[in-house]
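Remarks on the structure that follows.
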Amino acid sequence: MELAGKRVAIVMMTAIGDAVHVLPVINALRAAAPDVHITWILQPGPHGMVAGHPAVDEFLLFDRKAGARAFLDIYRATRGKRFDLVLALQVYFKAGVVTAMLDSPRKVGFDRRRARDLNW
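Residue numbers (my numbering): 5 to 124.
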């Protein structure tokens, strides 16, 4: 897929260690297509470590402490935005719900064998 000028959303919301593993993906996307727009959806904890990363154009925070409102907040923040590609890099239910809410013709994630919590 040609990424030049495209909008990509990355769903990896929890754990600082997991966030570290996403950075090479983001850096590779930016290197392959310098004008790609990258939105990363994550929780406040990991965000504190990666905030200001030059390869990310937009961070959307999923505050799980807000309960169901966190899903509504992400829905509102992404309503009307169309992503050309969504990378679902987390196998948990809440990440699957967020991924399902995003408007995109192409969503890449895990196959059924490696997925958990009905997230594939």
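Backbone N, C-alpha and C fix where the C-beta goes; we use that ideal spot for every residue, glycine too.
Here the structure is a predicted model, which is why all the values come from computation and not from measurement.
Query: Every unbroken beta strand (DSSP E) inside the segment 5–35 [3 residues or more]; Result: 11–15
Query: First through last residue of the alpha helix (DSSP H) which encompasses VAL101; Result: 97–105
Query: Environment of PRO50 [buried if 16+ CB atoms lie within 10 Å]; Result: buried
Query: Inter-residue spacing [alpha-carbon to alpha-carbon] between GLN94 and VAL26; Result: 10 Å
Query: Backbone CA spacing between ALA23 and MET17 [nearest angstrom]; Result: 8 Å
Query: Per-residue DSSP class, three states only, for LYS111; Result: strand
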